[in-house]
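K.L.:
Got a structure for you, written out below as structure tokens; questions coming shortly.
Protein chains: 2
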Amino acid sequence: MKSYHHGNLKQELIDCACKLCERDGYTKLSIRTLAKESGVSQTAPYRHFETKEALYASVATDGFKKLHRACYIDINKKVTKKHLVEKGCKYIEFGLNNANTYDLMFGTAVGDFSNYPELLESANSTYENMKSAFSKLANEDDEAIAFKCITLWSMIHGLVGILRKVQLVGDNYEEDIGPISTASLIANNLEVHLDKVVSGIVEN
Amino acid sequence: MKSYHHGNLKQELIDCACKLCERDGYTKLSIRTLAKESGVSQTAPYRHFETKEALYASVATDGFKKLHRACYIDINKKVTKKHLVEKGCKYIEFGLNNANTYDLMFGTAVGDFSNYPELLESANSTYENMKSAFSKLANEDDEAIAFKCITLWSMIHGLVGILRKVQLVGDNYEEDIGPISTASLIANNLEVHLDKVVSGIVEN
DNA sequence: ATTCTAATGTATGCAGTGTAAACATTAATG
DNA sequence: CATTAATGTTTACACTGCATACATTAGAAT
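Each protein sequence line maps, in turn, to chains W and F.
Letter by letter, the first sequence follows residues 271 to 474 in my numbering.
Letter by letter, the second sequence follows residues 271 to 474 in my numbering.
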């Protein structure tokens, strides 16, 4: 028999939301179906999320945490260029394998991160780690490092966006190597590609 | 007196949708309010747009056309590196000044561009022009040029995304130069920044 | 010019949505 | 053990996308 109180509703809602967001895209997500899925009344979620945006924020936070885990660089050990390339790949892979969640994280679904401290925090941590890594690699002032970070991050972030729009980039070389687009070529040689990019930013 | 038939409903709907999408974000847009705005019954728009996604597609198409106009490079004249930098700036400016529309264009609101030939066409034209510009600049094979294009495009596209999340990049140097973030620093020196990036891709 | 048809509009209705308000149950606290 | 705060439910409202059936009219065919 089930009790009146669920016991772990908030987390279950988040988990379920993450799953559905990734599967169908965040626009398809409804609080009501979410509630139904957890066997709870349709307004129960409002005890844990004031608005739908707040729910989005939780899903996005979860996404940033996963992203952070995927491309965390250990600052205590020696940092090399290879690390940046490797983790950059992980980042891109995350973006491609979690396209809908990524959209939620970087789109306009959550207007102002400041309203959700945990989200802001988790979103920053990835960037902070990247900055730390850079500062261990190159001995430069903060501003120069921030610049390099944003340059690399932009590149990586942009690549995720572009690679997802392969259809948009319709340059197929069907004659010689089959119907392989440049985009997927890059996707299949991410490391090589990223290495070039990173090399343009950092030396050793 | 107004006649039963509107006369120019489709275009008026698109224009209105573009305005509202940019102002409030595409998620806030409703077909009903759009119809009301044009003084027409709430289901009239369905004579011109089968689904809401189709309406989105039209707005996105409009966006891509504007984007294309903003960063078109005349292929008949001599192409220089400066052109790429300049038009790259225009691209970024467009993205920042039309954030919500840009979101619609590159997000997941319109699932498959192939379903909307005009959208696909307009989306490709920007990329095609960029490729042509590159091929006039550097004398390389198609694949190499496509690679360079995607690299630059990713960079630019990514920069738009990152610059919009200034809050996310919370590295302020309040001590010396006031509350200016690295992101806004870059935004204010876009040309310099882009020049570096482009220089890493192309020589002359 | 008249008729026919396709294009474009309206009226109505359904199922689904976010969320506000009032109330019920129970876990936690003093 | 009594009180309160947390967490549920019920009901209701205004809104949404969109399907269906019907009305008007512009333009092509006769």
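In this text, a Cβ means the ideal position worked out from N, Cα and C, and glycines have one as well.
Between which two residues does the alpha helix (DSSP H) holding Asn399 (chain F) run?
P.N.:
Here the question's residue 399 (chain F) lines up with position 129 in the second sequence. It spans 387–407 - the alpha helix (DSSP H) in which Asn399 (chain F) sits, taken as one unbroken run.
K.L.:
Looking at the unbroken alpha helix (DSSP H) that takes in Asp332 (chain F), where does it start and where does it end?
P.N.:
The residue you call residue 332 (chain F) lines up with position 62 of the second sequence. It spans 322–340 - the alpha helix (DSSP H) in which Asp332 (chain F) sits, taken as one unbroken run.
K.L.:
Using a beta-carbon distance below 9 Å, is Asn370 (chain F) in contact with chain W?
P.N.:
Stepping through the second sequence from its first residue, residue 370 (chain F) is reached at position 100. Closer than 9 Å: yes.
K.L.:
In this structure, does DSSP put Glu282 (chain W) in helix, strand or coil?
P.N.:
The sequence position of residue 282 (chain W) within the first sequence is 12, counting from 1. Glu282 (chain W): helix per DSSP, three-state reduction.
K.L.:
Taking the alpha carbon of Leu390 (chain F) as the reference point, which residue from F:Cys286, F:Leu354, F:His463, F:Ala324 has its own alpha carbon closest?
P.N.:
Position 120 of the second sequence, counted from the start, is the residue given in the question as residue 390 (chain F). When F:Cys286, F:Leu354, F:His463, F:Ala324 are compared, the shortest CA-CA separation from Leu390 (chain F) is found for F:Ala324.
K.L.:
Secondary structure at Lys435 (chain W), three-state DSSP: helix, strand or coil?
P.N.:
The residue given as residue 435 (chain W) occupies position 165 in the first sequence. DSSP places Lys435 (chain W) in coil when its eight states are reduced to three.
K.L.:
Of the choices F:Lys466, F:Gly428, F:Phe417, F:Leu433, whose alpha-carbon is the least far from that of Asn458 (chain W)?
P.N.:
Taking the first residue of the first sequence as 1, we reach residue 458 (chain W) at position 188. The residue with the shortest Cα to Cα distance from Asn458 (chain W) is F:Phe417.
K.L.:
Looking at chain F, is there any beta carbon in it that lies within less than 9 Å of the beta carbon of Val467 (chain W)?
P.N.:
If you number the first sequence from 1, residue 467 (chain W) lands on position 197. So, interface residue.
K.L.:
The segment 331–354 of chain W: which residues have C-beta closer than 8 Å to a C-beta of chain F, in chain order?
P.N.:
none
K.L.:
Quick one: does Gly295 (chain F) have its CB under 9 Å from some CB of chain W?
P.N.:
The sequence position of residue 295 (chain F) within the second sequence is 25, counting from 1. Yes, contact with chain W.
K.L.:
Got a sec: which bits of the segment 366–391 of chain F sit with their beta carbon under 8 Å from any beta carbon on chain W, in order along the chain?
P.N.:
Ala369, Asn370, Asp373, Phe376, Gly377, Thr378, Ala379, Asp382, Phe383, Ser384, Leu390
K.L.:
Skipping 5 residues on each side, what residues in its chain have a beta carbon closer than 7 Å to that of Cys286 (chain F)?
P.N.:
Counting from one through the second sequence, the residue named residue 286 (chain F) turns up at place 16. The answer, listed in chain order, is Leu304, Glu307, Ser308.
K.L.:
Which residue wins for smallest C-alpha separation from Lys435 (chain W), given the options F:Pro387, F:Gly470, F:Met375?
P.N.:
One-based indexing of the first sequence puts residue 435 (chain W) at position 165. Measuring from the Cα of Lys435 (chain W), the nearest candidate turns out to be F:Met375.
K.L.:
Suppose the cutoff is 6 Å on Cβ atoms and the five residues either side in sequence are ignored; what does the same chain contact list for Gln312 (chain W) look like?
P.N.:
Your numbering for residue 312 (chain W) matches position 42 in the first sequence. Excluding positions up to five away in sequence, the list reads Arg302, Ala305.
K.L.:
If I follow the unbroken alpha helix (DSSP H) through Ile345 (chain F), where does it start and stop?
P.N.:
Residue 345 (chain F) sits at position 75 when you count from the first residue of the second sequence. No alpha helix (DSSP H) contains Ile345 (chain F), which DSSP labels as neither H nor E.
K.L.:
In the DSSP assignment, find the alpha helix (DSSP H) that holds Ala305 (chain F) and state where it starts and stops.
P.N.:
To locate residue 305 (chain F), count along the second sequence from 1; it is residue 35. Residues 301–307.
K.L.:
If you draw a straight line from the C-alpha of Tyr316 (chain W) to the C-alpha of Asn394 (chain W), how long is it?
P.N.:
Counted from its first residue, the first sequence places residue 316 (chain W) at position 46. Counted from its first residue, the first sequence places residue 394 (chain W) at position 124. Looking at the two C-alpha atoms, the distance is approximately 27 Å.
K.L.:
So the candidates are W:Asp373, W:Asn409, W:Lys336; which of them puts its Cα closest to the Cα of Val349 (chain W)?
P.N.:
The residue given as residue 349 (chain W) occupies position 79 in the first sequence. Comparing C-alpha distances from Val349 (chain W) to each of W:Asp373, W:Asn409, W:Lys336 shows the shortest one belongs to W:Asn409.
K.L.:
Thinking just about the alpha-carbon of each residue, which of W:Lys351, W:Ser392, W:Thr321, W:Tyr296 is nearest to the one in Ala369 (chain W)?
P.N.:
Your numbering for residue 369 (chain W) matches position 99 in the first sequence. Nearest option by C-alpha distance: W:Tyr296.
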